[in-house]
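Peer 1: Numbering-wise (my numbering), the sequence shown opens with residue 70 and increments by one. Sharing a structure, written as structure tokens. Questions coming.
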Amino acid sequence: MLIELPPLPYEKNALEPHISTETVEYHYGKHHQGYVTKLKKLIEATKLKDETLINIIKKTDNQNIYNNAAQVFNHTFYWNCMTPDHHKPEGAIEMLIKKHFGSFETFKEKFIQAAGTLFGSGWVWLVQDKKGNLHIKQTRNAHCPIKDNETPLLVCDVWEHAYYIDYRNRRKEYVEKWWNVINWKFVGEQVKT
Ligand code: FE
Numbered sequence: 070m071l072i073e074l075p076p077l078p079y080e081k082n083a084l085e086p087h088i089s090t091e092t093v094e095y096h097y098g099k100h101h102q103g104y105v106t107k108l109k110k111l112i113e114a115t116k117l118k119d120e121t122l123i124n125i126i127k128k129t130d131n132q133n134i135y136n137n138a139a140q141v142f143n144h145t146f147y148w149n150c151m152t153p154d155h156h157k158p159e160g161a162i163e164m165l166i167k168k169h170f171g172s173f174e175t176f177k178e179k180f181i182q183a184a185g186t187l188f189g190s191g192w193v194w195l196v197q198d199k200k201g202n203l204h205i206k207q208t209r210n211a212h213c214p215i216k217d218n219e220t221p222l223l224v225c226d227v228w229e230h231a232y233y234i235d236y237r238n239r240r241k242e243y244v245e246k247w248w249n250v251i252n253w254k255f256v257g258e259q260v261k262t
């Protein structure tokens with residue numbers, strides 16, 4: 070069995086004051102852990118049991134397995150997209166954002182707008198398509214861009230469980246504060262050249 074809950078890349082209080090310790094405790098310790106536990110149970114008696122998470126996402130046509138596998142991936146990716154050691158984007162990722170969105174400010178505005186306009190639960194991504202172009206993409210519920218053969222670069226979780234403890238129903242404020250903890254080094258490392 071290759072599926073496990075990966076350790077958080079920082080302490081649970083490291084994203085304060087933007088993301089509280091309590092939010093991380095619930096989001097990582099209950100929600101993310103819950104998807105891992107459910108996925109392990111769903112695949113234990115199937116031929117997917119020794120597959121990697123990416124392969125499970127790509128191969129399965131079982132909606133329940135897909136949803137849980139995608140949520141495990143999406144959450145791990147989300148934690149990796151954040152850091153208490155925040156710096157501005159540099160190098161290739163900075164140039165690509167300017168090339169595809171005109172300016173970093175325009176990109177930020179469009180990303181926050183996409184987070185605000187996604188109806189219901191889901192995720193907002195920066196993805197790179199096969200031609201190397203960057204797009205802001207909204208996905209509903211658990212859906213993961215890997216299934217669409219796109220490369221995820223950045224993700225924000227906009228399920229209510231990601232922000233309700235800290236921001237109640239104020240999703241836009243959450244995404245604006247989340248912006249202060251984006252790990253641009255990690256995002257840059259995802260770019261395919
Ligand atoms: Fe979540």
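For each residue, glycine too, the CB sits at the ideal point set by N, CA and C.
Out of curiosity, what's the CA-to-CA distance linking Ser190 and Ala161?
Peer 2: The residue you call residue 190 lines up with position 121 of the sequence shown. The residue you call residue 161 lines up with position 92 of the sequence shown. If I take the Cα positions, the gap works out to 31 Å.
Peer 1: On the three-state DSSP scale, how would you describe Val141?
Peer 2: Locating residue 141 in the sequence shown gives position 72, counting from the first residue. If DSSP states are grouped into helix, strand and coil, Val141 belongs with the helices.
Peer 1: Alpha carbon to alpha carbon, how far is His101 from Asn137?
Peer 2: Indexing the sequence shown from 1 puts residue 101 at position 32. Indexing the sequence shown from 1 puts residue 137 at position 68. Between the alpha carbons of His101 and Asn137 lies a gap of roughly 10 Å.
Peer 1: Runs of 4 residues minimum, wholly inside the stretch 115-140: which ones carry the alpha helix (DSSP H) assignment?
Peer 2: If we require 4 residues or more, the alpha helix (DSSP H) runs fully inside the stretch 115-140 come out as 122-128.
Peer 1: Just the Cα atoms here: how many angstroms apart are Gly185 and Trp228?
Peer 2: Within the sequence shown, the letter at position 116 stands for residue 185. Within the sequence shown, the letter at position 159 stands for residue 228. Rounded to the nearest angstrom, the two C-alpha atoms are 11 Å apart.
Peer 1: What do you reckon, are the CB atoms on Val224 and Cys150 nearer than 8 Å?
Peer 2: Within the sequence shown, numbered from 1, the residue matching residue 224 stands at position 155. Within the sequence shown, numbered from 1, the residue matching residue 150 stands at position 81. Cβ atoms of Val224 and Cys150: closer than 8 Å.
Peer 1: Cα-Cα, which of Lys109, Lys81, Tyr97, Asn82 is closest to Ala231?
Peer 2: Numbered from its first residue, the sequence shown carries residue 231 at position 162. The option with the nearest alpha carbon to Ala231 is Tyr97.
Peer 1: Alpha carbon to alpha carbon, what distance is there between Lys107 and Glu113?
Peer 2: Position 44 of the sequence shown holds residue 113. Position 38 of the sequence shown holds residue 107. The straight-line gap from Cα to Cα measures roughly 10 Å.
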